[in-house]
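Chemist: Residue numbers -17 to -1, 1 to 399, in mature numbering (1 follows the signal peptide of the UniProt record, and there is no 0), belong to the letters of the sequence shown in order.
Below you'll find the structure I mean.
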Amino acid sequence: MYRLLLLCVILCGVTDANKVEQVHLSLSGKMDEMVVTWLTQGPLPNVTPYVTYGLSKDSLRWTAKATTTSWKDQGSHGYIRYTHRATMTKMVAGDVYYYKVGSSQDMSDVYHFKQPDPSKELRAAIFGDLSVYKGMPTINQLIDATHNDHFDVIIHIGDIAYDLHDDEGDRGDAYMKAIQPFAAYVPYMVFAGNHESDTHFNQIVNRFTMPKNGVYDNNLFWSFDYGFVHFIALNSEYYAEKMTKEANAQYKWLQEDLSKNKLKWTIVMFHRPWYCSTRSSGGCDDPTDMLSRKGTNDLPGLEKLLKDYKVDMVFYGHKHTYERMWPIYDKVGYKSGDAGHIKNAKAPVYILTGSAGCHTHEGPSDTTPQSFSASRLGQYGYTRLKVYNSTHISTYFVDTDDKVGNFLDRFYLEKD
């Protein structure tokens, strides 16, 4: 009996370890591809992981093999996890695809997604600073909105799970399981905040699959085109961590990336804010946060580069609140007649959207308003971006304190 029980425990352990977890999609940068990433807690020896997909859930006609990365958590026990990545190719814009992932050991449920169509209006959710703790209202509304076909892409601008590496990585596992009901259905794009910098960004490098940039290809900075928009994600933590070599490599890449960009709209994202209202009368003035804006003798500042290449909008988080700024450059705000509708902005519009839900939160009563501030809100929530065409985009804040997601701070940016 003991031997039978022991055998059952061993076999059950293997089965659980090989179970598919944390399925999520991402964009590769090629509009006819879709990447799917998932995780197992154990290895798959002599087994090939794969994705099978097709235009009907009953006819998954195509298969793509996955690559596997084994990586050690930075916790005291050094648990090893296994990330599997596969790319679905030759996708047709606007078509709905069904897929499942796994191996001969275990297969996931069947999920589906609509392949991005750059000829249509782009609808994105953008936010930072989200965890399961205090973030479930936002997560639940993102799930509902995803299944009501409200998004083409979801972008998380740093500080994920609080923290991905906590509790020997179990915190990251719990978060990724919680978001699977939206991340398995729409591309979920991420980059690092300060809470991901631990142990050389170990968790964000190994849990996700972002577009390759040709420099490090490690998920920490990247770009992609979508219709009329060129999106750029940057790693502000290179500055905070004084990673001079990497910061300079990123700057050189960014300069080249911007110089090649021919699209009408350019949106840049990073984690640490340059402009915002805080408890300080001077607003955002944390010297560490300012490094990526101003630069030093060894670290190249980014603000002038964004202005020179006419970046339209910048999103960041880090501060756990929402605030939209007037167009601003070098601390000078460019005000016009209507704060809710700006045409031909003279500088980028900055939006702080770090209130998706985590351990702390701030509202307008906690901060001193700055002259360049156009709108401040105290609710938990996220930002929706909509790109209509080559001349009009809009944003608004979704209040996830409200059960139906009340829309606040509607803003339009227009240019000739």
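The beta-carbon is built from N, C-alpha and C at its ideal position, and this holds for glycine as well.
Being a predicted model, the structure only gives us computed values, none of them experimental.
Taking DSSP as the reference, what is the three-state secondary structure of Y60?
Modeler: Note that residue 60 is His in the sequence shown, not Tyr. Correct three-state label for H60: coil.
Chemist: For a quick check, are the C-beta atoms of R68 and V18 less than 8 Å apart?
Modeler: Going by C-beta atoms, R68 is nearer than 8 Å to V18.
Chemist: Are V381 and Y365 close, meaning C-beta to C-beta below 8 Å?
Modeler: Yes, the pair counts as a contact, with Cβ atoms nearer than the cut-off.
Chemist: Looking at the secondary structure, which residues open and close the beta strand (DSSP E) in which N389 lies?
Modeler: Note, N389: beta strand (DSSP E), N389 to E397.
Chemist: If I follow the unbroken beta strand (DSSP E) through F298, where does it start and stop?
Modeler: It spans M296 to Y299 - the beta strand (DSSP E) in which F298 sits, taken as one unbroken run.
Chemist: DSSP three-state label for S356, please.
Modeler: Looking at S356 - three-state DSSP - the assignment turns out to be strand.
Chemist: Would you please state the rounded distance, in angstroms, between the beta carbons of V93 and Y82? I believe it to be under 8 Å.
Modeler: That pair is a contact at about 7 Å.
Chemist: Which residue comes first and which comes last in the alpha helix (DSSP H) that contains V188?
Modeler: From DSSP, the alpha helix (DSSP H) with V188 extends over D181 to R190.
Chemist: Is the region 296 to 309 close to the region 327 to 347, with three or more CB pairs under 8 Å?
Modeler: Yes, the region 296 to 309 is in contact with the region 327 to 347.
Chemist: What does DSSP give as the partner residues of D208 in its beta bridges?
Modeler: According to DSSP, which records beta bridges pairwise, D208 is partnered with H213.
Chemist: What does A175 pair with, by DSSP beta-bridge criteria?
Modeler: In DSSP, A175 forms no bridge with anything.
Chemist: State yes or no: is the C-beta of S348 nearer than 7 Å to some heavy atom of the ligand MN?
Modeler: As far as ligands go, the structure on display features none, and thus does not contain the ligand MN.
Chemist: Report all residues from its chain with a CB closer than 8 Å to the CB of K40; omit the five preceding and five following residues, and keep chain order.
Modeler: Excluding sequence neighbours, K40 sits near Y81, V93 and H95.
Chemist: For K245, I'd like the list of residues in its chain whose CB is within less than 7 Å of its CB, leaving aside the five on either flank, ordered along the chain.
Modeler: Correct list: empty, nothing qualifies.
Chemist: DSSP three-state label for Y322, please.
Modeler: According to the sequence as given, residue 322 is Ala; it is not Tyr. If DSSP states are grouped into helix, strand and coil, A322 belongs with coil.
Chemist: Just how far apart, CA to CA, sit S373 and G85?
Modeler: Distance between the alpha carbons of S373 and G85: 41 Å.
Chemist: How far does the alpha helix (DSSP H) with A108 in it extend, from its first residue to its last?
Modeler: Segment L105 to F110 is the beta strand (DSSP E) holding A108; no alpha helix (DSSP H) there.
Chemist: Using the beta-carbon count (16 or more within 10 Å), is V315 buried or exposed?
Modeler: Under this definition V315 is an exposed residue.
Chemist: To test your reading of the DSSP string, which unbroken beta strand (DSSP E) runs of 3 or more residues are found completely within the region 228 to 305?
Modeler: Runs found: 248 to 252 and 296 to 299.
Chemist: Which value, in whole angstroms, describes the spacing of the CA atoms of Q362 and D392?
Modeler: Taking the straight line joining both Cα atoms gives about 12 Å.
Chemist: With a cut-off of 8 Å on the beta carbons, I'd call T120 and T351 a contact; round off their distance for me.
Modeler: It is worth fixing the name first, because residue 120 is Pro in this sequence and not Thr. Not really, about 28 Å apart at Cβ, beyond 8 Å.
Chemist: By the three-class DSSP mapping on this structure, what secondary structure does T129 have?
Modeler: In the structure shown, T129 sits in a helix (DSSP, three-state: H, G or I).
Chemist: Tell me the rounded alpha-carbon separation between I126 and Y33.
Modeler: About 25 Å.
Chemist: Taking contact to mean at least 3 C-beta pairs separated by less than 8 Å, is the region 95 to 110 in contact with the region 258 to 269?
Modeler: They do not touch, by the three-pair rule.
Chemist: For E220, count neighbouring C-beta atoms within 10 Å of its own C-beta (all shown protein chains included) and say buried if the count is 16 or more, exposed if not.
Modeler: Looking at its Cβ environment, which holds 16 or more other Cβ atoms inside 10 Å, E220 is buried.
Chemist: With distance defined between alpha-carbon atoms, name the residue in L203, T271 and V30 nearest to K48.
Modeler: Selected option, being the one with the closest Cα: V30.
Chemist: Exposed or buried, which one is G320 when buried takes at least 16 other CB atoms within 10 Å?
Modeler: Counting Cβ neighbours within 10 Å, G320 comes out exposed, since fewer than 16 surround it.
Chemist: Quick one: what does DSSP say residue 405 is sitting in, helix, strand or coil?
Modeler: The chain is shown from -17 up to 399; residue 405 falls before or after that span and cannot be answered.
Chemist: Using the three-state DSSP reduction, which class does F134 fall into: helix, strand or coil?
Modeler: In the structure shown, F134 sits in coil (DSSP, three-state: anything other than H, G, I, E or B).
Chemist: Just to check my reading of the structure: Y65 and P26 have Cβ atoms closer than 8 Å, yes? What is that Cβ distance to the nearest angstrom?
Modeler: Rounded, the Cβ-Cβ distance is 6 Å, consistent with contact.
Chemist: Alpha carbon to alpha carbon, how far is residue 403 from H342?
Modeler: Given that the chain is displayed from residue -17 to residue 399, the structure contains no residue 403 and the question cannot be resolved.
Chemist: In the DSSP output, what is W45 paired with across the bridge?
Modeler: W45 is bridged to Y36.
Chemist: Can you give me the start and stop residues for the alpha helix (DSSP H) that E220 sits inside?
Modeler: Segment E220 to A223, the alpha helix (DSSP H) holding E220.
Chemist: Looking at the strands, I want to know which residues DSSP matches up with V19.
Modeler: BP columns for V19 point to L8 and A69.
Chemist: Can you check which of these residues, V79, E345 and M14, is closest to T70 by C-alpha distance?
Modeler: Ranking the options by Cα distance to T70, first place goes to M14.
Chemist: Taking all protein chains shown into account, do 16 or more other C-beta atoms lie within 10 angstroms of the C-beta of F390, making it buried, or fewer, making it exposed?
Modeler: Classification for F390: exposed.
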